[in-house]
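Below you'll find the structure, written out as structure tokens, and then a few comments.
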Amino acid sequence: MTAITIPVEHVLVLAAVLFLIGFTGVLVRRNIIFVLISLEIMMNACGLAFVAAGARWAEADGQIMFMFILALAAAEVAVALGLVLQLHRRFDNLDIDIASELNG
Amino acid sequence: MDVILFYIAGAVAVIATLLVVTRLNASHALIYLVISLLSIAVIFFLLGAPFAAALEVVVYAGAIVVLFLFVVMMLNLGRSSIARERRWLQPGMWIGPVILTSILFLEMIFVISSGVGTTLGEQVGPKAVGRALFGQYLLAVELAAILLLAALVGAYHLGRRYLRDRREEPML
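Residue numbers (our numbering), protein chains in the order written: chain A, 1 to 104; chain B, 105 to 276.
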């Protein structure tokens, strides 16, 4: 099939843009739900970069790394949402600046 | 079949992700997050990774976002009211997600109706992925299983205490 291939640089630029949006979200938002959503966006951007690299060399390794990122994201979100419930119970608030006792 | 499909899906992904980060309401942000994940699934499909695209829809948009929604609904339980539900059904709330998903839907219609060559570039199918996954990456699969088991135990531990002693205030 003589198809037009997508330039891999453009996919990597898209992944970088999505990663930066997620990173900005982590830095800017103070609601813990939004911080976790931004973390998901960042992990998804990493997965996009892996799949793009795997497609560039026509190998399955990129998709396999994406699946490991998927498993990591699922594990992270399960534990983190348990922490959200704990935060809501202790402080009746979802602002992460409240839980700053380790600052000293 | 054109490479422009990739740029359309990428633009939808960036717009939806920006809207995710800037929303004030968590439910609205999750709707836009689903759109962002769907557009990235379209990009995976165009890149010749149909299995990754299916996993993106099933696991990310189907499982992880629903987990988020469960927690958001759980925390909102005491404050929910009919008036707020009615406000959420105003056209201003759902017109943005509908426009963005319509773009992806039209793209899907175009891809399906344009024939068999549905992928730009070279395709790495599920068979190759599965063979590599359970061949040379078998150890990593088992490590991922251990990680998921640890996450299961951790989530159970954190969530169970929430149910047991929500009345008293234990400081541990």
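Cβ atoms here follow ideal geometry from the backbone N, Cα and C, with glycine treated the same way.
Closest Cα partner of residue i within the set the options
{"i": "residue 239 (chain B)", "options": "A:102, A:7, A:64", "result": "A:64"}
{"i": "residue 38 (chain A)", "options": "B:196, B:124, B:246", "result": "B:124"}
{"i": "residue 93 (chain A)", "options": "A:73, A:33, A:7", "result": "A:33"}
{"i": "residue 232 (chain B)", "options": "A:54, A:83, A:90, A:81", "result": "A:54"}
{"i": "residue 174 (chain B)", "options": "B:203, B:211, B:131", "result": "B:131"}
{"i": "residue 62 (chain A)", "options": "B:146, B:112, B:241, B:205", "result": "B:241"}
{"i": "residue 70 (chain A)", "options": "B:176, B:159, B:206", "result": "B:159"}
{"i": "residue 142 (chain B)", "options": "B:198, B:236, B:207, B:195", "result": "B:207"}
{"i": "residue 7 (chain A)", "options": "B:247, B:150, B:235, B:140", "result": "B:150"}
{"i": "residue 42 (chain A)", "options": "B:247, B:140, B:248", "result": "B:140"}
{"i": "residue 9 (chain A)", "options": "A:56, A:100, A:85, A:101", "result": "A:56"}
{"i": "residue 100 (chain A)", "options": "A:30, A:24, A:23, A:11", "result": "A:30"}
{"i": "residue 154 (chain B)", "options": "B:234, B:257, B:245, B:127", "result": "B:234"}
{"i": "residue 46 (chain B)", "options": "B:236, B:230, B:250, B:237", "result": "Outside the shown range of chain B, which is 105 to 276, sits residue 46 (chain B), and nothing can be said about it."}
{"i": "residue 21 (chain A)", "options": "A:97, A:40, A:84", "result": "A:40"}
{"i": "residue 128 (chain B)", "options": "B:176, B:217, B:211", "result": "B:176"}
{"i": "residue 243 (chain B)", "options": "A:23, A:5, A:68", "result": "A:68"}
{"i": "residue 204 (chain B)", "options": "B:136, B:111, B:245", "result": "B:136"}
{"i": "residue 5 (chain A)", "options": "B:199, B:236, B:148", "result": "B:148"}
{"i": "residue 264 (chain B)", "options": "A:28, A:91, A:85", "result": "A:85"}
Residue i - partner residues in DSSP beta bridges
{"i": "residue 95 (chain A)", "result": "A:31"}
Beta-carbon gap between residue i and residue j smaller than 7 Å
{"i": "residue 45 (chain A)", "j": "residue 19 (chain A)", "result": "yes"}
{"i": "residue 115 (chain B)", "j": "residue 51 (chain A)", "result": "no"}
{"i": "residue 144 (chain B)", "j": "residue 72 (chain A)", "result": "no"}
{"i": "residue 169 (chain B)", "j": "residue 134 (chain B)", "result": "yes"}
{"i": "residue 202 (chain B)", "j": "residue 165 (chain B)", "result": "no"}
{"i": "residue 255 (chain B)", "j": "residue 13 (chain A)", "result": "no"}
{"i": "residue 179 (chain B)", "j": "residue 88 (chain A)", "result": "yes"}
{"i": "residue 60 (chain A)", "j": "residue 107 (chain B)", "result": "no"}
{"i": "residue 26 (chain A)", "j": "residue 17 (chain A)", "result": "no"}
{"i": "residue 109 (chain B)", "j": "residue 75 (chain A)", "result": "no"}
{"i": "residue 82 (chain A)", "j": "residue 120 (chain B)", "result": "no"}
{"i": "residue 113 (chain B)", "j": "residue 146 (chain B)", "result": "yes"}
{"i": "residue 247 (chain B)", "j": "residue 77 (chain A)", "result": "no"}
{"i": "residue 58 (chain A)", "j": "residue 211 (chain B)", "result": "no"}
Next on the checklist: Please give the ranges of any alpha helix (DSSP H) in the segment 9–71 of chain A, keeping only runs that are unbroken, at least 4 residues long and fully inside the region.
Outcome noted: 32–56
Checklist entry - What runs of the alpha helix (DSSP H), each 4 residues or longer, lie entirely inside the segment 105–131 of chain B? => result Those alpha helix (DSSP H) runs which fall completely within the segment 105–131 of chain B and span 4+ residues are 108–126.
Next on the checklist: Please give the ranges of any alpha helix (DSSP H) in the segment 129–175 of chain B, keeping only runs that are unbroken, at least 4 residues long and fully inside the region.
Outcome noted: 130–150, 154–159
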